[in-house]
Amino acid sequence: MSIKENLNTIKADLPQTVKLIVVTKTHPADKLMEVYKNGHAVFGENKVQELIEKQAVLPNDIEWHLIGHLQSNKVKHIAPFVSLIHSVDSIKLLKEINKQAQKNDRIINCLLQVFIAEEETKFGLSFSEAGSLLASEELKEMKNINISGLMGMSTNTNNEQQIAKEFQSLKHFFDSKKDTKTHNVNLETISMGMSSDYKIAIDNGSNMVRVGSSIFGKRS
Ligand SMILES: *Cc1c(COP(=O)(O)O)cnc(C)c1O
C-alpha cells in the first residue's frame, strides 16, 4: 500500500482523543512531503541532526517532536522550534531545556520518559525517580518548561499481555499524578504505542501514538 493509504487507514482507526505522531526517522524529506500533502503535519524524529536538517527544508507549519534520547549539548539546536520533547530522563537535561527555552523566549513542552520495559537497554526514569522529579524544588524554579505528560516504551515482545501490563503501569502512575498541577506540571499527554503495539497502548490509556513503519514500510 502507498504511504497515503497507510496513513488514512491508521487515521481512520484512531479514536479522536488520540494524537498521531508520524515517525519519519531515516526517511528523506520528499517522503515527509507526501505525508504533509495528505494533510498530516505532525512528525517525530529520534535524532537531533536529522530533525534539524529536515526542519530546515520543510514547511514552517510542521509540528516537530523529538522522540529519541537527547543529549544536553544538543538541546540548543532544537530549542527554537521543537513542539514536544518526549524523552526527558533527567533533571540535568530539563535544566538545559529550560535554559535554552528561556534564550528563545518560549516555553517548551516536555514528557518525562518512564522506563516500563523489561529490557535493560531502554532509556527512562523509574517511577520513583519520575515522582521525585515532579516533586522537586529544582523543577519549581523552571519557568520555561511545561511537563505536559509521560512517555513509555514497552518490551519488544510478542506477548501482548505483558505489553498491556507495562502500558497499564504507566497509565496507573499517570492517573496518580494527574491532579498535581503546578505552573509547569500539567499532565495531559500519555505517549505510548508504536507500529507493533499502538492498539494495545490505546486500549490501555494512551492518547498519543508514535507510528513509523506501518506508514512508510520497514526501515532499511
Ligand atoms: C522509531 C520509533 C518509533 C516508531 O517505531 P515504528 O515501529 O516504526 O512505528 C516510536 N517511538 C520511538 C521512540 C522511536 O524511536
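Following numbering that gives the first Met the number 0, the numbering of the sequence shown begins with 0 at its first residue and continues without gaps.
Every residue, glycine too, gets a C-beta built ideally from N, C-alpha and C.
Computed from a prediction, not measured in an experiment: that's the story for all the values here.
So does residue i have its beta carbon nearer than 8 Å to some heavy atom of ligand 1?
i    : result
S153 : no
M193 : yes
H39  : no
V22  : yes
R105 : no
S82  : no
G204 : no
H26  : no
S86  : yes
V210 : yes
N5   : no
Check each candidate in the options and name the one with the smallest Cα separation from residue i.
i    : options                : result
H182 : Q160, I214, M141       : M141
F172 : D202, V113, L83        : V113
F126 : G192, E49, L111        : L111
F60  : K73, E49, V81          : This sequence places Asp at residue 60; Phe is not what is there. If we check each option's Cα against that of D60, V81 comes out closest.
L243 : S194, L124, Q99, T156  : With the chain represented from 0 up to 219, any question about residue 243 goes unanswered, as that position is not in the structure.
Q15  : M207, L57, A200        : M207
T25  : E49, I84, A55, A100    : E49
S175 : M193, G148, A163, T154 : G148
V184 : K10, C109, Q161, L19   : C109
G43  : E33, N37, K36, Q54     : Q54
L69  : K198, S1, K18, V87     : V87
V56  : K73, P27, K75, G38     : P27
L138 : S89, E118, E119, Q99   : S89
Please state whether DSSP places residue i in a helix, a strand or coil.
i    : result
M207 : strand
H64  : strand
T156 : coil
S1   : coil
V47  : helix
S71  : helix
S194 : coil
T8   : helix
Taking Cβ positions only, does residue i come closer than 9 Å to chain C?
i   : result
E33 : Checking the listed chains, one finds no chain C in this structure; it contains a single protein chain.
If you scan the region 105–152 from start to end, which runs of the alpha helix (DSSP H) of 4 or more residues do you find wholly inside it? Assignment of alpha helix (DSSP H) within the region 105–152, counting only whole runs of 4 or more residues, yields 126–134, 136–139 in chain order.
Could you name each continuous alpha helix (DSSP H) segment of 4 residues or more that falls completely within the region 15–43, going from the start of the chain to the end? 28–36
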